[in-house]
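First the structure, in the form of structure tokens, and then the observations on it.
In our numbering, the protein residues as written are 277 to 693.
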């Protein structure tokens, strides 16, 4: 599917890394161990492509293993994978657990960009605290909510009233500032750019305002062209991988441990995660060119960001009637929000992809035979839709208006044999 994308798709591959815990109550599960939360679990490591939100690699590990274990080797494999696919540049992102300084030099020399969170150790915090005031600039984030929501008058904050009444300690983010400095990790032979995010937190206890607290966050990167604010915002976008992990857990039920060995559960995670990848690939084959290119691109992005349950109800579970009349099988898709243009927009590129396969070529030749020469029993029905029934994306809407389609239902004929 990647090979069929436009040239702009291959500008940059952004790869995110994160680990997550898969808890289990099984006492005889080989490979489970106690994590830092005190839970019996596995600790799979996931690498995903942020461009399409699809998992590239999943590695199951024991529950007590650190997050960074095996991450560098996985990064090397995923870098080779996306470069083989044709991506011109690669960006690695991860939290503080993945800033493995012993690998930064060779990634930089190999032309790989990276943005990793970095541990706030004492020397680094002291160096950031001694930066001059002129080096700090405010960080401007995008406001949450739409314009109509921002214009509404805020409702009463009941939690804040209870906290003030009972004299609890209340922390509120007052402002954020960014700066940058040069920093050389002990395992590196050169200096890298270290972007510092300083958060000033307002502290209140009841009605009393205490001295504000200052918290520093660090991001190490070799992207010298970006501003410090852009580096911080780019690093924060990695948090979108948490949504992917949530869908792998609760959507396709991939990050689970239904069997009794570490390798078997690993295989289960990989196989079931393909369902999520199929959703991403289905979005990639949606037509984006033609008369309504802008609307089609928005619809493709909507499918890429869609939760798996919504995707099933929107694209897979389509209401239809299956009729057998004579020697024909007729499927009538009920016109509505589920089907019509979206269903055919997906089917047409898929038929074009299948045409490249030898099996699809033989199937097309078989369908071109005269109908009277094919004597098939009614039980032997091939459920493949007739290739090139609707050939081009721009012909989808006119085809739906054709006179042989019954309104309000859409009539699709399946061939036999």
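We treat Cβ as the ideally placed atom computed from N, Cα and C, and that holds for glycine.
Pair within 8 Å by beta-carbon distance, residue i and residue j
i	j	result
residue 560	residue 277	yes
residue 358	residue 389	no
residue 407	residue 361	no
residue 469	residue 497	yes
residue 435	residue 477	no
residue 608	residue 599	yes
residue 332	residue 325	yes
residue 467	residue 458	yes
residue 317	residue 295	no
residue 511	residue 369	yes
residue 472	residue 404	yes
residue 463	residue 377	yes
residue 395	residue 372	yes
Cβ neighbour criterion (16 or more within 10 Å) applied to residue i
i	result
residue 582	buried
residue 465	exposed
residue 418	exposed
residue 386	exposed
residue 350	buried
residue 313	exposed
residue 279	exposed
residue 533	buried
residue 577	exposed
residue 723	The question about residue 723 has no answer here: the residues shown for the chain are numbered 277 through 693.
residue 541	buried
residue 707	Residue 707 cannot be examined here, being either before or after the span of the chain that is shown, 277 to 693.
Residue i to residue j span [Cα, whole Å]
i	j	result
residue 538	residue 335	10 Å
residue 290	residue 495	16 Å
residue 597	residue 530	32 Å
residue 293	residue 485	40 Å
residue 502	residue 452	18 Å
residue 571	residue 306	50 Å
residue 337	residue 566	47 Å
residue 343	residue 439	36 Å
residue 515	residue 329	12 Å
residue 444	residue 474	25 Å
residue 285	residue 363	8 Å
residue 665	residue 610	Below a pLDDT of 50, predicted positions are generally treated as unreliable, and residue 665, at 38, falls in that range; no measurement from the model is reported.
residue 506	residue 287	18 Å
residue 574	residue 564	9 Å
residue 587	residue 442	46 Å
residue 591	residue 308	37 Å
residue 341	residue 401	28 Å
residue 414	residue 479	20 Å
residue 589	residue 431	35 Å
residue 411	residue 543	50 Å
residue 603	residue 595	23 Å
Supposed contact pair residue j and residue i - C-beta distance, whole angstroms, cut 8 Å
i	j	result
residue 265	residue 375	With the chain covering 277 to 693 only, the question about residue 265 has no answer from this structure.
residue 355	residue 499	Residue 355 to residue 499, Cβ: 16 Å. No contact.
residue 504	residue 450	About 19 Å separates the two Cβ atoms, so there is no contact after all.
residue 380	residue 461	7 Å
residue 492	residue 528	Residue 492 to residue 528, Cβ: 38 Å. No contact.
residue 311	residue 319	6 Å
residue 562	residue 579	7 Å
Any non-hydrogen atom of the ligand SAM within 7 Å of residue i CB
i	result
residue 280	The ligand SAM is absent from the structure shown, which contains no ligands of any kind.
query: If we count Cβ pairs, one from each stretch, closer than 8 Å, do we get three or more for the stretch 520-529 versus the stretch 301-319?
result: no
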